[in-house]
Structures are given as structure tokens and as C-alpha cells.
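Numbering (the numbering used here), first residue to last: 2 to 192.
Notes for the one structure printed next.
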Amino acid sequence: MRRLAALPKAPRLVYMVEHIPGGIGSLMKETAYLLSRDELVGKFRKLPVLNNFENKYLRQILSLSKLRMYEPGEQIIEEGQNDRWLYIVISGEVRVHKGGEELTRLSHVGDIFGEMNVIDGQPRSASIHAVTNTTCLAIDASFLDKLDEQDKHPFNAVLYRLFSEILAERLRETDAELARCRKDLEKYRKA
2 MRRLAALPKA PRLVYMVEHI PGGIGSLMKE TAYLLSRDEL VGKFRKLPVL NNFENKYLRQ
62 ILSLSKLRMY EPGEQIIEEG QNDRWLYIVI SGEVRVHKGG EELTRLSHVG DIFGEMNVID
122 GQPRSASIHA VTNTTCLAID ASFLDKLDEQ DKHPFNAVLY RLFSEILAER LRETDAELAR
182 CRKDLEKYRK A
């Protein structure tokens, strides 16, 4: 598993937030909003998902981001929830599931989840739990609504290009899974 180089001492303030999705109490650790310091910009630029953003946009993203740490089994997103947070895996592994059925696991540095809500504003389509101790960069995507017109178009162009690459990869994986299922179904019909 790839790891992001250790972060500078920047976010010292870590506090506990009671996180009660679906009535289940658990504690999540998170930093305060990250300051847009140059060494943080340099560290996070190493994430493939962020390396196409200009420094001014990356600083803006980081100033509206927090590092969130989850323990194994802790819920990160609840299906049906409506919020505007986008997550990037820094370390650990998460499980994506819908109606109790596991859809996938994400464990690579830079894996993104929560992007569908940012794109269409609809409630969360799946739940996500930490499988291992997991650290995510959580980005408050509500800032997209606050960008001025001069910044909105170039920023959205990079962001939506990123989202389209992610969704295209997921569609390829889904197509391959569908083809496998159809092949298996055909085998069972002939048996």
C-alpha cells in the first residue's frame, strides 16, 4: 500500500467529535480546518487526485479541509445522509456497502469517495465504514457554491475532469462485473 509522506507538525489541534450516524454513537478524531501553508500544499500535491490543481485552488481546498481519523468499524458516511463532504483516503481501508451488501473496498492513497453527492446534490447512495484505522482528508465541498465566477469555471473544469476519470474507472469495473455475472448466469442456465 502506498503511503503519503508524514505530514508536517501543522494540525496539532485534534479533538473528538461525537459522530452519531443512524443513532450509533462513536467518536471520530479530526483536526481543525487545515491552514493553507506551503508545506501542506506540497505534501498534498503528491496525491494524484490533487496534483492538477493550481496552488491557489489547492490552498483554498486545504483551508476548507480537515484530517479525520476513524477506528475499525466506525461509520464515515451513512446511506441516505445529505452532506457536502468529499473524502480522500490518506491511509487505511474503507468498505463501501449498500443495504448490507459490500460493493467495494478502497485502500489506495488518493482513493476518493463521497463525490456523487458533490456532483448531483442527492443523498448518499451507500454507507462507508472504516475497515482498519483510517485517515482521510475530508473536504467541505460546499465552498464550490461560494467561488466567484472568475474562479468557478477553471476550478470546476479540473474537478469535473477528476470526477469523470473516477466515474469512468468505476463504470469499467461495473461493466466487467456485469459481464462476469452474465457469464456465470449463462453457465447455471445450461447446467
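Note that CB positions come from ideal geometry on N, CA and C, so glycine has one too.
A quick note: this is a predicted structure, and the numbers were derived from the prediction, not measured.
Close Cβ partners of residue 120 (< 7 Å) along its chain, the five nearest in sequence each way excluded: As a working mapping, residue 120 is identified with position 119 in the sequence shown. By the criterion of a C-beta distance shorter than 7 Å, residue 120 is surrounded in its chain by 164, once the five residues flanking it on both sides are discounted.
Segments assigned alpha helix (DSSP H), at least 4 residues, entirely inside the stretch 76-144: Runs found: 116-121.
Residue 134 versus residue 191 - alpha carbon distance: Position 133 of the sequence shown, counting from 1, holds the residue named residue 134. Position 190 of the sequence shown, counting from 1, holds the residue named residue 191. Computed Cα separation, rounded: 45 Å.
Reference residue 106; option with closest CA among 87, 152 and 130: One-based indexing of the sequence shown puts residue 106 at position 105. Residue nearest to residue 106 within the set 87, 152 and 130 is 130 (criterion: CA-CA distance).
Proximity of residue 85 and residue 141 at Cβ, strictly below 9 Å: For this step, residue 85 is matched to residue 84 along the sequence shown. For this step, residue 141 is matched to residue 140 along the sequence shown. Yes. Within cutoff.
DSSP three-state assignment for residue 150, whether helix, strand or coil: Counting from 1 along the sequence shown, the entry for residue 150 is found at position 149. Three-state result, residue 150: helix.
Integer Cβ distance of residue 111 from residue 48, believed to fall under 8 Å: Along the sequence shown, read from residue 1 onward, the residue named residue 111 stands at position 110. Along the sequence shown, read from residue 1 onward, the residue named residue 48 stands at position 47. Between residue 48 and residue 111 the Cβ distance is about 5 Å, and since that is below 8 Å, they are a contact.
Residue 58 - containing alpha helix (DSSP H), residue span: On the sequence shown, position 57 is the one that residue 58 refers to. That run of the alpha helix (DSSP H) goes 56-64.
Status (buried if at least 16 other CB within 10 Å, exposed otherwise) for residue 96: The count along the sequence shown starts at 1 and reaches residue 96 at position 95. Burial state of residue 96 is buried, judged by a 10 Å Cβ sphere holding 16 or more other Cβ atoms.
Residue 31, DSSP secondary structure in three states: Position 30 of the sequence shown, counted from the start, is the residue given in the question as residue 31. Three-state DSSP puts residue 31 in a strand.
Cα-Cα separation, residue 63 to residue 189: Translated into the one-based positions of the sequence shown, residue 63 becomes position 62. Translated into the one-based positions of the sequence shown, residue 189 becomes position 188. When rounded, the distance between both Cα atoms is 51 Å.
Alpha-carbon to alpha-carbon, residue 76 and residue 174: Walking along the sequence shown from the start, residue 174 turns up at place 173. Walking along the sequence shown from the start, residue 76 turns up at place 75. Straight-line Cα distance between these residues: approximately 25 Å.
Bridge partners - residue 67, DSSP secondary structure assignment: Within the sequence shown, numbered from 1, the residue matching residue 67 stands at position 66. The partner list for residue 67 (beta bridge, DSSP) reads 139.
Span of the alpha helix (DSSP H) around residue 74: The residue you call residue 74 lines up with position 73 of the sequence shown. First-last for residue 74: undefined, no H or E at that position.
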